[in-house]
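*Asks:* A single structure is presented below for examination.
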Amino acid sequence: SAAGQGLRSKPGPKASYSSVEQEQRLSRLSLNRLPCYLPCMMQSQDYITLEQGWGKMQEGFDKFIEIMEGGFREPFALSLHSELYTNCYAMCTQKAPNNYADQLYQKYGMIYEPYLHATVL
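Read the sequence shown against UniProt numbering and you will find it ends at 121, with the numbers running on by one and no gaps.
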């Protein structure tokens, strides 16, 4: 049973997870079950611009770093994760010249590489 293994199946509002438990929970998530926000995001235009998409991604990265630095006391909302995943997927699969896979990869590296060097190393 989950309780016998030290895992909480449904924590109360103030329960927190250890880093191992958090990692186990995240590894069990199936992205196929997440709601898709793409139709809502793309109603006003046929593509997501780099500025629009990166602004949204930056907000999500900032929130994730805030949660990590806070010791995972609050969860990273599944709805935000889904929105960021869908946003990134859309930006990386749009037809040229609106495919931003390379730019997102570079910008992502510019955020996390310095953070990891400063925090982990």
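For each residue, glycine too, the CB sits at the ideal point set by N, CA and C.
With H, G and I counted as helix, E and B as strand and the rest as coil, what does DSSP make of lysine 95?
*Replies:* Numbered from its first residue, the sequence shown carries residue 95 at position 95. Coil at lysine 95, not helix or strand.
*Asks:* Could you tell me whether the region 53-71 touches the region 79-91, where touching means 3 or more Cβ pairs closer than 8 Å?
*Replies:* Result yes; three or more Cβ-Cβ pairs closer than 8 Å.
*Asks:* Buried or exposed: where does glycine 55 fall if 16 or more other Cβ atoms within 10 Å of its Cβ makes it buried?
*Replies:* What you label residue 55 is simply residue 55 of the sequence shown in a count that begins at 1. Glycine 55 is exposed by the Cβ-count criterion.
*Asks:* Please report how far the alpha carbon of serine 30 lies from the alpha carbon of tyrosine 108, in whole angstroms.
*Replies:* Residue 30 sits at position 30 when you count from the first residue of the sequence shown. Residue 108 sits at position 108 when you count from the first residue of the sequence shown. Low local confidence applies: a pLDDT of 44 at serine 30 is under 50, so the model's placement there is unreliable, with the coordinate-based value given in what follows. Distance between the alpha carbons of serine 30 and tyrosine 108 is about 23 Å.
*Asks:* So, using beta-carbon positions, are isoleucine 48 and alanine 101 closer together than 9 Å?
*Replies:* Taking the sequence shown and counting its residues from 1, the one referred to as residue 48 is at position 48. Taking the sequence shown and counting its residues from 1, the one referred to as residue 101 is at position 101. Result no, Cβ atoms of isoleucine 48 and alanine 101 do not sit closer than 9 Å.
*Asks:* What's the gap between the Cα of alanine 96 and the Cα of glutamate 113?
*Replies:* To locate residue 96, count along the sequence shown from 1; it is residue 96. To locate residue 113, count along the sequence shown from 1; it is residue 113. Approximately 27 Å between the Cα atoms of the pair.
*Asks:* Please state whether the Cβ-Cβ distance between methionine 110 and leucine 84 is less than 9 Å.
*Replies:* The residue labelled residue 110 in the question sits at position 110 within the sequence shown. The residue labelled residue 84 in the question sits at position 84 within the sequence shown. No, these two residues do not count as a Cβ contact at 9 Å.
*Asks:* Assign glycine 71 to one of two classes, buried (16 or more other C-beta atoms within 10 Å of its C-beta) or exposed (fewer than that).
*Replies:* For the purposes of this step, residue 71 is taken as residue 71 along the sequence shown, with counting starting at 1. It counts as exposed.
*Asks:* Please identify the residue among Leu116, Thr93, Cys88 and Thr119 whose C-alpha is closest to the C-alpha of glutamine 52.
*Replies:* Stepping through the sequence shown from its first residue, residue 52 is reached at position 52. That would be Cys88, whose Cα lies nearest to the Cα of glutamine 52.
*Asks:* What three-state label does DSSP hand alanine 77 in the structure shown?
*Replies:* One-based indexing of the sequence shown puts residue 77 at position 77. Correct three-state label for alanine 77: coil.
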